[in-house]
Structures are given as C-alpha cells and as structure tokens.
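Peer 1:
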Amino acid sequence: RKEVEQDPGPFNVPEGATVAFNCTYSNSASQSFFWYRQDCRKEPKLLMSVYSSGNEDGRFTAQLNRASQYISLLIRDSKLSDSATYLCVVSPGTYKYIFGTGTRLKVLA
Amino acid sequence: NAGVTQTPKFQVLKTGQSMTLQCAQDMNHNSMYWYRQDPGMGLRLIYYSASEGTTDKGEVPNGYNVSRLNKREFSLRLESAAPSQTSVYFCASSGGLNQPQHFGDGTRLSIL
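In order, the protein sequence lines correspond to chains A and B.
Under the working numbering, the residues of the first sequence are numbered 1130 to 1238, in order.
Under the working numbering, the residues of the second sequence are numbered 9 to 120, in order.
1) Is asparagine 106(B) close to the ligand ADP? I mean its beta-carbon at under 7 Å from any heavy atom of the ligand.
2) Let me know the secondary structure DSSP gives aspartate 1186(A) once reduced to three states.
3) Starting from phenylalanine 1163(A), find everything on chain B with Cβ-Cβ shorter than 9 Å and list it in chain order.
4) Roughly how many whole angstroms lie between the Cα atoms of serine 75(B) and serine 1159(A)?
5) Under a CB-based cut-off of 8 Å, is methionine 35(B) close to chain A?
6) Residues of chain B with a CB under 7 Å from the CB of tyrosine 1226(A): which are they?
7) Using a beta-carbon distance below 8 Å, is tyrosine 97(B) in contact with chain A?
8) Assign phenylalanine 18(B) to one of two classes, buried (16 or more other C-beta atoms within 10 Å of its C-beta) or exposed (fewer than that).
9) Touch check for the segment 1186 to 1201 of chain A and the segment 30 to 44 of chain B: three-plus C-beta pairs under 8 Å?
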C-alpha cells in the first residue's frame, strides 16, 4: 500500500461546479497535512495547510479525518483557472514529506 | 520576493558528465530538500538537510551527492550522469517541522 494515495482522475467538471478530492494516508502517526497545486510540471505551490478542525480559504475547504486517515479538498464555484493537478502531502512529524501522485482537475467552459 | 531560486532551469548532459544543480532560498529557512519528479510518479526525495551542517539521504539518493554550503544554499551534484537521471529536479525549503515547503521552479535535466 502506498503511504499516500490519490485518485489520479482526471475529474472533468463544468465551470461553477463543486468538486471534491480525497487523499488517504497509511501512517496513523502523521502530523501535518497540506494541499499543493501543480500546473503542467511547474513547481508545486502551496494551496493550503490542513488543520484538525478543518479550514477554509475562499472557495477552498480542507478537512482532516484522522479516524479514517484521509484528507479532503473541496472546491466550490470552479473556475477555468482551477484546472491543475492537486497534490496531497503528509508529514509524519519528521523532516520528510510524503507526496501523493496527484489528482488532475479539468474545469470545462 | 525571490523565495527559492534554482539554477540552471534547463540542462542537457551526455552520459558520464558531471554537473551541480544550485539552490538558494532567502526565507531564512532551516530545512532544504531536493526532489525529482518523473511522469506518473509523485515527487521523490533525493536528499534533505534539516539544518545547516546536516544532510541525510531520502528515498532515491543513489548517484547523487549534496552540499549544504550555508543556511541559504543547498546544491545537488551528479558525479557521473546516467540516462535514468533524466528528470525534473525541484529544490524546496521549509521553516521546520510541520511547516509547509516552498519550491523553486525546477531544473529540467536531460541526459543523453
């Protein structure tokens, strides 16, 4: 089993739709969680950290479910510019970060 | 705000050649990292430096060496390049444990 698993997609959604991605992790001792966005093999860019109580940043909402060992990302009112690959990142509290292979999102006009 | 700067952005090498990828950050971060990314695979950690003066192997260290020159700079060296090292290389830094990483814009390396 991979340490961090994501559905590779692609998720094809119309503009204005709501879309959600999940990411599962295997290490129950994981301490920090992040979502990154990556465009066309450019560098990953931090989208948001994921906190235990859940957090929101504009149209983006992240949730953490420790019992089931997954994190989620919800995007509301999808824009064409949201088309990208979304990377889930988990850290066990060491200096290492484990990256998922990403979920590809295409927002269609 | 420069953030994390990598040089060069593109490089083509012949098998057996050596080269050094440079990375510098201006965020006063303690920790720095080198990753490679290949099609269909997630980022894989090559080496990291938790703090100035320390370096440790990651998931795929074979064929690479690193130097943490000072707090700002962390270089990656390929001593004898092989075609299997064709990849996109990303440098990243973070402020410490449980802090998010910030990435440079990558070096696209092709080895013929």
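Glycine included, each C-beta is placed from N, C-alpha and C at the ideal position.
Peer 2: By the coordinates alone:
1) With respect to the ligand ADP, the structure shown offers nothing to examine, as it has no ligands at all.
2) Looking up residue 1186(A) in the first sequence gives position 57. If DSSP states are grouped into helix, strand and coil, aspartate 1186(A) belongs with the strands.
3) Here residue 1163(A) is taken as the residue at index 34 of the first sequence, counted from 1. Ordered by position in chain B, the residues that pass the 9 Å Cβ test against phenylalanine 1163(A) are Pro108 and Gln109.
4) Your numbering for residue 75(B) matches position 67 in the second sequence. Your numbering for residue 1159(A) matches position 30 in the first sequence. One C-alpha to the other measures close to 29 Å.
5) Here residue 35(B) is taken as the residue at index 27 of the second sequence, counted from 1. Closer than 8 Å: no.
6) As a first step, residue 1226(A) must be located in the first sequence, where it is residue number 97. In chain order: Gln109.
7) Here residue 97(B) refers to the residue found at position 89 of the second sequence. It does not: the Cβ of tyrosine 97(B) has no partner Cβ on chain A nearer than 8 Å.
8) Locating residue 18(B) in the second sequence gives position 10, where the first residue counts as 1. Result: exposed.
9) no
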